[in-house]
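Asker: Could you have a look at this structure, given as structure tokens, before my questions?
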Amino acid sequence: MAKMVIKRFGIFSAAKIYCVVMAGVGLVIGIPFGLIMIIFGAAVMSSAGRDAAAGGGVTMGLGIFYMIGLPVIYAVLGFVMGAISAAIYNLAARTIGGLELELENVDPGYAAPPTPNWGDQPPYTPGQQQQYPY
1412 MAKMVIKRFG IFSAAKIYCV VMAGVGLVIG IPFGLIMIIF GAAVMSSAGR
1462 DAAAGGGVTM GLGIFYMIGL PVIYAVLGFV MGAISAAIYN LAARTIGGLE
1512 LELENVDPGY AAPPTPNWGD QPPYTPGQQQ QYPY
């Protein structure tokens, strides 16, 4: 088992990952909720008079906003919070030590490659002309 410590995170790297993950969360939340709002707005628009149609139109607009705007807002907030979280982790890891991980090799067929054996003489000695066969 190999024991490793995460000493620091790249702030921009962590921010990008948080951005993509939170945009995905925004899609998972925004699309179903937006579809429900659009269906509800369409039902309100078709059921009553002019005043209800305006309310239904607003509800449909909110549904479209949830489908498009929520993932964008989540992505921006995820980027900002990812950068802040990575910076706080880096400060904490510098002060009290990093996060310890214990890793185990699960593939028994894989082993680290052996160290190269170059011998006593390097194949090319600097300062000499390399000879190539014709």
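Take the position in the sequence shown, starting the count at 1, then add 1411; the result is the number in this note's numbering. Yeah, the Cβ is synthetic: ideal placement off N, Cα and C, and Gly gets one too.
For the alpha helix (DSSP H) containing residue 1434, name the first residue and the last one.
Answerer: Its alpha helix (DSSP H) spans residues 1422-1458.
Asker: Please confirm if the segment 1423-1430 is in contact with the segment 1440-1456, defined as three or more CB-CB distances below 8 Å between the two stretches.
Answerer: Judged by Cβ distances under 8 Å, the segment 1423-1430 makes no contact with the segment 1440-1456, as fewer than three pairs qualify.
Asker: Name the two residues that bound the continuous beta strand (DSSP E) containing residue 1416.
Answerer: Where residue 1416 is concerned, the enclosing beta strand (DSSP E) stretches over 1413-1417.
Asker: Less than 8 Å between C-beta atoms, sequence neighbours within five positions excluded: which residues of the same chain meet that for residue 1414?
Answerer: Hits under 8 Å: 1511, 1512, 1513 and 1514.
Asker: Got a sec? Which residues, its chain only, sit under 8 Å from residue 1437 by beta carbon, not counting five neighbours each side?
Answerer: Around residue 1437: 1481, 1482, 1483, 1484, 1485 and 1486.
Asker: Buried or exposed, going by whether 16 or more other CB atoms sit within 10 Å of the CB of residue 1508?
Answerer: It counts as exposed.
Asker: How would you call residue 1429, buried or exposed, if buried means at least 16 neighbouring beta carbons within 10 angstroms?
Answerer: Buried.
Asker: Assign residue 1470 to one of two classes, buried (16 or more other C-beta atoms within 10 Å of its C-beta) or exposed (fewer than that).
Answerer: With 16 or more other Cβ atoms within 10 Å, it is buried.
Asker: Under 8 Å, do residue 1472 and residue 1453 count as touching if we go by C-beta distance?
Answerer: For residue 1472 and residue 1453, no; Cβs fall outside 8 Å.
Asker: My parser needs the alpha helix (DSSP H) runs of 4 or more residues fully inside the segment 1456-1521; what are they?
Answerer: Runs found: 1461-1507.
Asker: Leaving aside the five residues before and after residue 1489 along the sequence, list all residues of the same chain whose C-beta is less than 6 Å from its C-beta, in chain order.
Answerer: Once the five neighbours on either side are set aside, the close Cβ partners of residue 1489 are 1429, 1430 and 1433.
Asker: Where does residue 1450 land, buried or exposed, given buried means 16+ other C-beta within 10 angstroms?
Answerer: Exposed.
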